[in-house]
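*Asks:* There's a structure below that I have some questions on.
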Amino acid sequence: AQSVAQPEDQVNVAEGNPLTVKCTYSVSGNPYLFWYVQYPNRGLQFLLKYITGDNLVKGSYGFEAEFNKSQTSFHLKKPSALVSDSALYFCAVRDPMNSGYSTLTFGKGTMLLVSP
Amino acid sequence: EAGVAQSPRYKIIEKRQSVAFWCNPISGHATLYWYQQILGQGPKLLIQFQNNGVVDDSQLPKDRFSAERLKGVDSTLKIQPAKLEDSAVYLCASSLGGTLAEGQYFGPGTRLTVL
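The following block contains the structure:
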């Protein structure tokens, strides 16, 4: 069965500093990996995805993520955090070996707080 | 482009009552998803439609939950009767074709409180 772990409930970073939100996954085959962000009282917004190819993928709002197969990780990063980046971040995985309609499995989320 | 619309935004009911949620996906999106997000957890898929057919309802508690997408556009999710543990945010999402590599577009959600 596929699963996602986000080991940190909360990440605190000062504005202007680099940020990392951690994600590890478990699937039987090669994963499809996604990051979503959720602002208060709003739905989830798609940030970026890794399907195949370059291990470093770039997404919206200056975020990027690095796929590391040996460590089964897909950490979200940004070189310089903004206060407006404060939100709840979800990592999600799909196992393309399952079927044509493989379920998207989400982690429990990591709250990112960026202080001025 | 209009996003995924959901209503109502908030609903408070007593246990054993019934409730229904409505979702209008992005125009042209063939695939529609209903998720349940309990406080402190990530969204959990309840049901997935491809046009008006169900392709995955393995995690839907079918004794009390039902969903339909009769014309392949709008969808309703119903709970009857509600239990305390159904208190959650119910998210609707859509995607163009439902392929594994696609991102999903989420609505704002309906926050259900069961007393």
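So the protein lines, in turn, are chains Z and P. Numbered according to our numbering, the first sequence spans residues -5 to 110. Numbered according to our numbering, the second sequence spans residues 23 to 137. Every residue, glycine too, gets a C-beta built ideally from N, C-alpha and C. Nothing here was measured: the structure is a model prediction, and the numbers come from that model.
So, at 8 angstroms on beta carbons, what are the nonlocal neighbours of Gly125 (chain P) in its own chain, with the 5 sequence-adjacent residues on each side left out?
*Replies:* Within the second sequence, numbered from 1, the residue matching residue 125 (chain P) stands at position 103. Residues of the same chain with a CB within less than 8 angstroms of the CB of Gly125 (chain P), apart from the 5 flanking positions on each side, are Ser117 in chain order.
*Asks:* Helix, strand or coil for Gly75 (chain P), going by three-state DSSP, please let me know.
*Replies:* Here the question's residue 75 (chain P) lines up with position 53 in the second sequence. DSSP places Gly75 (chain P) in strand when its eight states are reduced to three.
*Asks:* Do the CB positions of Thr18 (chain Z) and Thr66 (chain Z) come within less than 7 angstroms of each other?
*Replies:* For the purposes of this step, residue 18 (chain Z) is taken as residue 24 along the first sequence, with counting starting at 1. For the purposes of this step, residue 66 (chain Z) is taken as residue 72 along the first sequence, with counting starting at 1. Taking 7 angstroms as the Cβ cut-off, Thr18 (chain Z) and Thr66 (chain Z) qualify as a contacting pair.
*Asks:* Nearest by alpha-carbon distance to Phe100 (chain Z): which of Z:Val31, Z:Arg36, Z:Ala81 and Z:Ala75 is it?
*Replies:* Here residue 100 (chain Z) refers to the residue found at position 106 when the first sequence is read from its first residue. Minimum Cα-Cα distance from Phe100 (chain Z) among the listed residues Z:Val31, Z:Arg36, Z:Ala81 and Z:Ala75 corresponds to Z:Val31.
*Asks:* For Gly64 (chain P), go through chain Z and note every residue whose CB falls closer than 7 angstroms to its CB, in chain order.
*Replies:* On the second sequence, residue 64 (chain P) is found 42 positions in, with the first residue counted as 1. What Gly64 (chain P) touches in chain Z: Phe84, Phe100, Gly101, Lys102 and Gly103.
*Asks:* Can you pull the chain Z neighbours of Phe128 (chain P), defined as C-beta to C-beta under 9 angstroms?
*Replies:* Your numbering for residue 128 (chain P) matches position 106 in the second sequence. By Cβ distance, chain Z contributes Tyr30, Gln32, Arg36, Gly37, Leu38, Gln39 and Phe40.
*Asks:* Alpha carbon to alpha carbon, how far is Ile101 (chain P) from Arg86 (chain P)? Give it in angstroms, no decimals.
*Replies:* The count along the second sequence starts at 1 and reaches residue 86 (chain P) at position 64. The count along the second sequence starts at 1 and reaches residue 101 (chain P) at position 79. Roughly 6 angstroms separates the two Cα atoms.
*Asks:* Could you work out which residue in Z:Leu82, Z:Asp79, Z:Tyr55 and Z:Val21 is closest to Ser64 (chain Z) when comparing CA atoms only?
*Replies:* Position 70 of the first sequence, counting from 1, holds the residue named residue 64 (chain Z). If we check each option's Cα against that of Ser64 (chain Z), Z:Val21 comes out closest.
*Asks:* Which class does Glu60 (chain Z) belong to by DSSP, given the choice of helix, strand or coil?
*Replies:* Locating residue 60 (chain Z) in the first sequence gives position 66, where the first residue counts as 1. In the structure shown, the three-state DSSP call for Glu60 (chain Z) is strand.
*Asks:* Thinking C-alpha only, which one of Z:Phe40, Z:Ser54, Z:Gly37 and Z:Asn62 is nearest Thr46 (chain Z)?
*Replies:* As a working mapping, residue 46 (chain Z) is identified with position 52 in the first sequence. Taking only the C-alpha atoms, the option nearest Thr46 (chain Z) is Z:Asn62.
*Asks:* In or out: Ser49 (chain P) buried (at least 16 other Cβ within 10 Å) or exposed?
*Replies:* For this step, residue 49 (chain P) is matched to residue 27 along the second sequence. Under the 10 Å beta carbon count, Ser49 (chain P) is surrounded by fewer than 16 other beta carbons and is classified as exposed.
*Asks:* Have a look at the DSSP bridge pairing and note the partners of Asn46 (chain P).
*Replies:* Taking the second sequence and counting its residues from 1, one reaches residue 46 (chain P) at position 24. P:Ala27.
*Asks:* So which of Z:Leu107, Z:Asn24 and Z:Tyr55 has the shortest CA-CA distance to Leu41 (chain Z)?
*Replies:* Within the first sequence, residue 41 (chain Z) is the residue found at index 47, counting from 1. Taking only the C-alpha atoms, the option nearest Leu41 (chain Z) is Z:Tyr55.
*Asks:* Give the DSSP-derived three-state secondary structure of Leu55 (chain Z) in the structure shown.
*Replies:* The residue given as residue 55 (chain Z) occupies position 61 in the first sequence. Rather than Leu, the amino acid found at residue 55 (chain Z) in this sequence is Tyr. It is helical.
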